[in-house]
Amino acid sequence: MSDDAFDRLLRYVEDELDFATSYYDNAYLDRRVSSRMRRTDCEEYGAYHELLREDEDEREALLDAFSVNVTSFFRNPDVWAEIRSVLRSLSAENRRVRLWSAACSDGREPYSLAMLALDDPEVDESKVEITATDIDREILAAARRGVYQSTRTTDIDEQLAPLEEYERYVEPDDGRFEVADVVKDLVSFERHDLINGDPKSDFDFVVCRNLFIYIDAEHKLPILDTVSKSLRKGGYLVIGKTETLPEQLKPCFEPVARRLRVYKKTDDIPIRR
Numbered sequence: 003m004s005d006d007a008f009d010r011l012l013r014y015v016e017d018e019l020d021f022a023t024s025y026y027d028n029a030y031l032d033r034r035v036s037s038r039m040r041r042t043d044c045e046e047y048g049a050y051h052e053l054l055r056e057d058e059d060e061r062e063a064l065l066d067a068f069s070v071n072v073t074s075f076f077r078n079p080d081v082w083a084e085i086r087s088v089l090r091s092l093s094a095e096n097r098r099v100r101l102w103s104a105a106c107s108d109g110r111e112p113y114s115l116a117m118l119a120l121d122d123p124e125v126d127e128s129k130v131e132i133t134a135t136d137i138d139r140e141i142l143a144a145a146r147r148g149v150y151q152s153t154r155t156t157d158i159d160e161q162l163a164p165l166e167e168y169e170r171y172v173e174p175d176d177g178r179f180e181v182a183d184v185v186k187d188l189v190s191f192e193r194h195d196l197i198n199g200d201p202k203s204d205f206d207f208v209v210c211r212n213l214f215i216y217i218d219a220e221h222k223l224p225i226l227d228t229v230s231k232s233l234r235k236g237g238y239l240v241i242g243k244t245e246t247l248p249e250q251l252k253p254c255f256e257p258v259a260r261r262l263r264v265y266k267k268t269d270d271i272p273i274r275r
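Going by the working numbering, the letters in the sequence shown line up with residues 3 to 275, in that order.
Right under this line is the structure:
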């Protein structure tokens, strides 16, 4: 009965709350649901299901819990060294450089892209346009503010080490720091659903990292289809270091740095779902 109750709860979330649970790994979903159950003193899936029907605030809290919001500035510096190289090439070759940070979470990834463009003398930041998207409206609002807490696990000096003069890009203020306006001005935030939303178009570079480790294996392809169709031919894609391209997608891309999961789009072969 517990499995049946859990399945009914997930169907409710998918049908009534418009969150595509079928794309996610059940173990991941169960961890997030169980966390909310503990916070609301619900001991059974059925009881929590009833709470969701009655409590709009809890529905919003669960949707926020499902969203993946783990990030940092310049996560995996070796990957960012390769991203720097790609940005230099794009800046030298193009009139404008359109970047998309997909599933951007709290904004640290797109702000990292902006800081890199501003900091590198071989990148013309006036050409750079950064679009950052996420499905979670609340986390997008936080990303636009660009204010982050300094903690023992958030060492800003260490995170911004890839930059020559990181002090130009953040403003410390009593135990927290805010991204400077010169950085914010390069980034526009908007809501986008990678699973159900339409592809974008004509991007030179898409960064979509560390999302697919939470997605059910059979449902990664529709998301990557959206990402692939949003890239122009000759554009670049970077995914997480522990993630892989599906076999159906590999003919469309050649590795630029295979170990770092940086690829260049070489073909517009349609992806079959």
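Beta carbons are placed, not taken as given, at the ideal position from N, Cα and C, and that holds for glycine.
As assigned by DSSP and simplified to three states, the class of residue i
i, result
"proline 123", "coil"
"isoleucine 132", "strand"
"isoleucine 197", "coil"
"isoleucine 85", "helix"
"glutamate 111", "helix"
"arginine 154", "For arginine 154, the predicted model reports a pLDDT of 46, less than 50, meaning its position is unreliable; a value from the coordinates is still stated below. It is coil, neither helix nor strand."
"glutamate 62", "helix"
"glutamate 167", "coil"
"phenylalanine 76", "coil"
"isoleucine 273", "Because isoleucine 273 carries a pLDDT of 49, less than 50, the predicted location of this residue cannot be relied on, and the following value inherits that uncertainty. Residue state, collapsed to three classes: coil."
Terminal residues of the alpha helix (DSSP H) in which residue i lies
i, result
"phenylalanine 47", "It should be pointed out that residue 47 corresponds to tyrosine in this sequence rather than to phenylalanine. It spans 47-56 - the alpha helix (DSSP H) in which tyrosine 47 sits, taken as one unbroken run."
"proline 174", "Unbroken run through proline 174 is the beta strand (DSSP E), 172-174; no alpha helix (DSSP H)."
"valine 142", "Reading off the sequence shown, one finds leucine at residue 142, where the question assumed valine. Unbroken alpha helix (DSSP H) run through leucine 142: 139-147."
Residue from the options whose Cα sits closest to the Cα of residue i
i, options, result
"aspartate 204", "Leu162, Ser232, Thr228", "Ser232"
"aspartate 80", "Asp269, Arg90, Arg263", "Arg263"
"leucine 162", "Glu124, Asn96, Ile241, Glu111", "Glu111"
"glutamine 250", "Gly236, Leu226, Val240, Lys243", "Leu226"
"glutamate 56", "Phe68, Thr42, Asp66", "Thr42"
"lysine 76", "Asp159, Asp175, Ala182", "Checking the displayed sequence, the identity of residue 76 turns out to be phenylalanine instead of lysine. Measuring from the Cα of phenylalanine 76, the nearest candidate turns out to be Asp159."
"alanine 143", "Ser107, Arg97, Lys129", "Ser107"
"leucine 31", "Asp218, Thr246, Val99, Val130", "Asp218"
"arginine 33", "Glu167, Ile132, Phe8", "Phe8"
"aspartate 27", "Ala116, Thr244, Phe214", "Phe214"
"valine 35", "Asp20, Asp270, Asp59, Leu65", "Leu65"
"glutamate 192", "Thr228, Asp183, Ile132, Glu167", "Ile132"
"valine 209", "Arg100, Ala145, Met39, Ala182", "Arg100"
"valine 181", "Gly109, Trp82, Phe68", "Gly109"
"arginine 2", "Glu60, Val240, Leu188, Arg260", "Lying before the first or after the last residue shown, residue 2 is absent from the chain, which here runs from 3 to 275."
"serine 93", "Asp206, Arg234, Arg146", "Asp206"
"glutamate 60", "Phe255, Arg146, Asn78, Ser37", "Ser37"
"leucine 223", "Leu165, Lys235, Lys252, Gly177", "Lys252"
"phenylalanine 179", "Arg260, Gly148, Val229", "Gly148"
"valine 184", "Ser114, Asp195, Asn96", "Ser114"
"asparagine 78", "Pro257, Arg261, Glu95", "Arg261"
Run of the beta strand (DSSP E) containing residue i, from where it starts to where it stops
i, result
"serine 103", "99-103"
"aspartate 206", "205-209"
"arginine 178", "178-181"
"tyrosine 265", "264-267"
Output the residue ranges of the alpha helix (DSSP H) runs that lie fully inside the segment 220-262 and measure 4 residues or longer, sorted by chain position.
222-231
Suppose only complete runs of 4+ residues qualify. What are the alpha helix (DSSP H) ranges in the segment 5-30, listed by chain order?
DSSP runs (the alpha helix (DSSP H)) wholly in the segment 5-30: none.
Specify whether the segment 163-171 and the segment 193-207 touch according to this definition: at least 3 beta carbon pairs, one from each stretch, less than 8 Å apart.
no
Contact the segment 86-97 vs the segment 121-131: 3+ CB pairs below 8 Å
Yes: the two stretches touch, three or more of their Cβ pairs being nearer than 8 Å.
Please confirm if the segment 47-56 is in contact with the segment 5-20, defined as three or more CB-CB distances below 8 Å between the two stretches.
Contact check between the segment 47-56 and the segment 5-20: three or more CB pairs, one atom from each, fall below 8 Å, which counts as touching.
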